[in-house]
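J.:
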Amino acid sequence: MTILFHGARKLDANGQVDDFWMLVDGTTIAATGSGPRHPDATELVDVDGRWFVPGFIDLHAHGGGGHSYDDGPEEIAGALATHRAHGTTRSVLSLVANPVAYLRESLSLIADLAESDPLVLGSHLEGPFLAAGRHGAHNPEFLIDPSPYDVEELIGAARGTLRQLTIAPELPGALETIDVLVENGVTVAIGHTEASFEVAQQAFDRGARLLTHVFNAMPGIHHRAPGPVVAAFEDKRVTIELILDGQHVHPEVAAMVFASAPGRVALVTDAMAAAGASDGDYRLGSLNVTVRGGLALLSGTSTIAGSTLTQDAALRCAIAAAHVPPREAIAALTVAPARALGIGHRHGLLSPGFVADAVLLDHEWHVHEVWADGARIHSA
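Its first residue numbered 44, the sequence shown is counted upward by one per residue in this note's numbering.
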């Protein structure tokens, strides 16, 4: 089975190409080019001059469509369907802080799912190794200091599918735990932290390569205490997660992030169950969340509890509100997260040899059709 997409306005991290065509053979991009001459194929798809971009990759989300990734297979499937309809073709499933035994069960469940669904990249443990003073929407009762023993148990439960883990590097045992994670191929993020500039640098030198949702649940930039944000800006090995919904980070500050770390910003949703759903009352792990006007807060507090964001909405916010050039915004949804996970050789570009994940967008950046592994998974 071959598919030829033609008449597209291609946009990825390599730039824009008009009258673009792409030949897909099975699950892989076989050839690309531009102009009216192109190969034959089993199926022809006329993109009709609309935007044609790689499938989005979300490093950090907790649910959507009224469903949570902390629950069973049917709930996870419902959340994934919501995000896929908004252009996210590959997902890392994030888990909030819970007792280690509960997390082992969740990791095993996600490992089973990843075996049957290649669009599920694996899991992200956002807890339990977080600073108590920066716990955010994680239940503080479940926070613990990191230890190599606990981490090895969690790695074993995930059976090779633990993609990333967020850790506060100032906690006792954190730096040694980062060593264990790096040795096992887990991408380490620092976040929910009180870390100083110097401690963040130590974590990056030990192998941490991500900053979890920049500016949220961490010290800000102070003129005498630059903190983890500036440490991440300065380290070209580090990818910076950004929740760009206009609420977590002001668009002007988001623009500063893009300018300070060119090519290293990954737009994530940190979405909870209400993403793609209605306002109302929800659960995030063991905590109650109230969503009003699309803003998710821990019930009865002013603490933001994840987002109701989808990645196409983050793209529109980046371009319209933060004035990020479209090429850079698309790169932050595609090639930057792929590289952060070490899969940039096969994901994130519309180039031969890459997976056949693509999103068709109108000129207002709204999703019309989505393909993953060469198969259509959404049609508006």
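For glycine and all other residues, C-beta sits at the position ideal for the given N, C-alpha and C.
Note that the coordinates shown come from a computational prediction; the quantities given were computed from them, not determined experimentally.
If you compare alpha carbons, which of Glu412, His406, Glu284 is closest to Arg382?
T.: Ranking Glu412, His406, Glu284 by Cα distance to Arg382 puts Glu284 first.
J.: My output table needs one value for Arg249: the three-state DSSP class, helix, strand or coil.
T.: DSSP places Arg249 in helix when its eight states are reduced to three.
J.: Exposed or buried, Met44, counting other C-beta atoms within 10 Å across all chains shown (16 or more means buried)?
T.: Exposed, since its Cβ has fewer than 16 Cβ neighbours within 10 Å.
J.: Would you kindly check if the distance between the Cβ of Ala128 and the Cβ of Val413 is under 8 Å?
T.: Yes.
J.: Mark Gly349 as exposed unless 16 or more other C-beta atoms lie within 10 angstroms of its C-beta, in which case mark it buried.
T.: Label assigned to Gly349: buried.
J.: Relative to the alpha-carbon of Pro161, which residue among Thr204, Ser394, Leu208, Arg147 has its alpha-carbon at the smallest distance?
T.: The shortest C-alpha separation from Pro161 is found at Thr204.
J.: Using the Cα positions of Phe95 and Leu54, report the straight-line distance between them to the nearest angstrom.
T.: Roughly 6 Å separates the two Cα atoms.
J.: Of the choices Leu136, Leu152, Asn182, Asp89, whose alpha-carbon is the least far from that of Val311?
T.: When each option's Cα is compared against that of Val311, the closest is Leu136.
J.: Could you spell out where the beta strand (DSSP E) holding Tyr112 opens and where it closes?
T.: Unbroken run through Tyr112: none, as it is neither H nor E.
J.: In this structure, how does DSSP classify Ala425 when only helix, strand and coil are distinguished?
T.: There is simply no residue 425 to check, as the chain begins at 44 and stops at 423 in what is shown.
J.: If you run the structure through DSSP and keep just helix, strand and coil, what is Leu287?
T.: Leu287 falls in the coil class under three-state DSSP.
J.: Kindly list the residues whose CB is nearer than 6 Å to the CB of Glu86, restricted to its own chain and excluding five residues on each side of it in sequence; keep chain order.
T.: Only Ile46 meet the Cβ criterion.
J.: With DSSP as the reference, please indicate the residues paired to Trp94 in a beta bridge.
T.: DSSP output for Trp94 lists Arg52, Leu404 as bridge partner(s).
J.: Would you mind giving the Cβ-Cβ distance between Met261 and Arg177, rounded to the nearest angstrom? I have them listed as a contact below 8 Å.
T.: About 6 Å; that satisfies the 8 Å criterion.
J.: Give the straight-line distance between the Cα atoms of Leu186 and Phe172, rounded to the nearest whole angstrom.
T.: Cα to Cα, the separation comes out at about 6 Å.
J.: Using the Cβ count rule (16 or more neighbours within 10 Å means buried), how would you classify Ala84?
T.: Ala84 should be labelled buried.
J.: I'd like to know whether the C-beta atoms of Cys360 and Asp248 end up nearer to each other than 8 Å.
T.: In this structure, Asp248 does not lie closer than 8 Å to Cys360 by Cβ.
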